[in-house]
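Following: one structure in structure tokens, then a few remarks.
In the numbering used here, the protein residues as written are 14 to 393.
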């Protein structure tokens, strides 16, 4: 089978950095290639039009067309022509795109088009309690209505997306995946106690709750350190250019001495930081199905995460992690303290977490589910 992924981002040195959408496509692509399928990555928003091939994956970099007021539409039509050319040349059988900002709203491919719901702008604005741009909501709804089929990375995401757009589209749940051969536990143990958060520093991921939580942990444990990893971002509510600058005054002075912000790091360095962590924390308000949680779980790290929406589709509270509402600061802190004081529970949660990841979120498992789904589209 020949599968194309249309995306605004992909984590490669030639295509730029990426967030969850790009990382999930990378993981799935490698799983599909391992199963013997052909993969093409179409990345728009690039600085040039270019083609290259690497590790049995073909890449097309697509430069956006710049015409005042019409750039979005004409870039869509440029992408449409490329997709249809590849299809006519028998280089692709099906194309998949994310729901984010509804890029496929005016694309009419000759092959089946699948939308994978990783969380639209409308979806995240709703979870973040802020208004969505009319244009984005219109385009996202149109793209979903036009798609031949829908995949949702979680049941929560698929259900809420239908509700927000007043749609009744059926969807198939196929989660995000990670490579469990890359993210695996280490036999090395760190002598330091470290709490790790990794992901974007942004309000919707609970980063303004984390200082208050850590203050409570620090009051009981003066030695534990908090390590923050990920790119900083502006705050839409205050207009601040930096969420990190909003976080710092929220830490008590003595707690702040135990906080390290490392910024963005490489994929390889991230694995090392997860290995060194005692506990990973994700007090987020808005996700679809977070790859970061799965990566930490695969490396047998105990997690204290948000109990919002999608969370129970990843973690079973008290079995392979703890789920707590981000604003329940005292309970959140007590769960972290409990794990820091109980290394046997850390290991118990970690072992169970990896079992869940291997059986449910590994690249080959998810790739096989995706292939089975694609086949129904091509043969129907």
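All C-beta atoms in this analysis are idealised placements derived from N, C-alpha and C, irrespective of residue type, glycine included.
Distance CB(residue i)-CB(residue j) smaller than 7 angstroms
| i | j | result |
| --- | --- | --- |
| residue 264 | residue 315 | no |
| residue 187 | residue 157 | no |
| residue 108 | residue 301 | no |
| residue 213 | residue 244 | yes |
| residue 97 | residue 111 | no |
| residue 374 | residue 307 | yes |
| residue 34 | residue 26 | no |
| residue 185 | residue 164 | yes |
| residue 59 | residue 76 | yes |
| residue 246 | residue 256 | yes |
| residue 141 | residue 254 | no |
Candidates the options: closest to residue i by CA position
| i | options | result |
| --- | --- | --- |
| residue 120 | 95, 373, 104, 101 | 95 |
| residue 122 | 150, 49, 161, 139 | 161 |
| residue 259 | 221, 102, 296 | 221 |
| residue 281 | 326, 363, 196 | 196 |
| residue 133 | 164, 149, 390, 15 | 149 |
| residue 194 | 350, 275, 312, 26 | 312 |
| residue 371 | 192, 295, 255 | 192 |
| residue 342 | 331, 318, 359 | 318 |
| residue 87 | 64, 65, 116 | 116 |
| residue 340 | 54, 297, 92 | 297 |
| residue 286 | 208, 142, 360 | 208 |
Cutoff 8 angstroms; reference residue i; Cβ partners in own chain excluding five residues on either side
| i | result |
| --- | --- |
| residue 206 | 234, 236, 237, 238, 291, 353 |
| residue 138 | 144, 145 |
Close beta carbons around residue i, own chain, < 6 angstroms, minus the five adjacent residues each side
| i | result |
| --- | --- |
| residue 345 | 226, 337 |
Cβ neighbour criterion (16 or more within 10 Å) applied to residue i
| i | result |
| --- | --- |
| residue 248 | buried |
| residue 80 | exposed |
| residue 395 | Past the edges of the chain, shown from 14 to 393, lies residue 395, and the structure says nothing about it. |
| residue 231 | buried |
| residue 19 | buried |
| residue 219 | buried |
| residue 333 | buried |
| residue 288 | buried |
| residue 16 | buried |
| residue 147 | exposed |
| residue 242 | buried |
| residue 275 | exposed |
| residue 385 | exposed |
| residue 105 | buried |
| residue 154 | buried |
Cutoff 7 angstroms; reference residue i; Cβ partners in own chain excluding five residues on either side
| i | result |
| --- | --- |
| residue 44 | 190, 376, 377, 379, 380 |
| residue 305 | 211, 212, 295 |
| residue 39 | 23, 24 |
| residue 324 | 318, 336 |
Please give me, in chain order, every unbroken run of the beta strand (DSSP E) with length at least 3 that falls completely inside the region 30-63.
Runs found: 51-59.
What runs of the alpha helix (DSSP H), each 4 residues or longer, lie entirely inside the region 223-254?
DSSP runs (the alpha helix (DSSP H)) wholly in the region 223-254: 223-233.
Please specify which runs of the beta strand (DSSP E), each continuous and at least 3 residues long, are wholly inside the region 74-134, giving them in chain order.
List check, beta strand (DSSP E) in window: 107-111, 126-130.
Counting only runs of 3+ residues fully inside the region 285-369, write out the beta strand (DSSP E) ranges in chain order.
Runs of the beta strand (DSSP E) inside the region 285-369: 292-295, 316-318.
Report the start-end ranges of each alpha helix (DSSP H) in the region 253-279 that is 4 residues or longer and not cut off at the edges.
If you keep only unbroken alpha helix (DSSP H) runs of at least 4 residues inside the region 253-279, you get 256-260, 266-269.
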